[in-house]
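Data block below; observations after.
Residue numbers (my numbering): 479 to 583.
Spelled out as structure tokens, the structure:
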């Protein structure tokens, strides 16, 4: 016999799904599967290309050099800094942004 579940507008308690400790435990338990799937994804992404896995290093460096040239030299982009602020190079900030972007896309 089929059973039905009444769905209320409040839904279930979402805190049990977002327990950071449980997430870390599950990631640790399934680390072998995660590593295997990650390895398979990386290998399939660069399979058949001339440089292969080297693209994982070359592509971000090429993007960094192009963006640095365009925004530092052509557009002369500068960060507004207050007196006493650290003088962070534009290239470093750009590199951190590119790495963060490429982690998700």
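Backbone N, C-alpha and C define an ideal beta-carbon position, used for all residues, glycine too.
Chain-order list of residues whose beta-carbon lies under 7 angstroms from that of residue i (same chain, five-residue window excluded)
{"i": "residue 541", "result": "576"}
{"i": "residue 498", "result": "none"}
{"i": "residue 530", "result": "524"}
Residues near residue i by beta carbon distance below 6 angstroms, same chain, minus five either side
{"i": "residue 509", "result": "none"}
Under the three-state DSSP convention, the category residue i falls into
{"i": "residue 575", "result": "helix"}
{"i": "residue 480", "result": "coil"}
{"i": "residue 583", "result": "coil"}
{"i": "residue 521", "result": "helix"}
Report the residue ranges of all beta strand (DSSP E) runs contained in full by the region 524–554; include only those spanning at least 3 residues, in chain order. Considered as a whole, the region 524–554 harbours no complete run of any beta strand (DSSP E) with no fewer than 3 residues.
So within the region 491–519, which uninterrupted beta strand (DSSP E) runs reach at least 3 residues, ignoring any that extend past its ends? none
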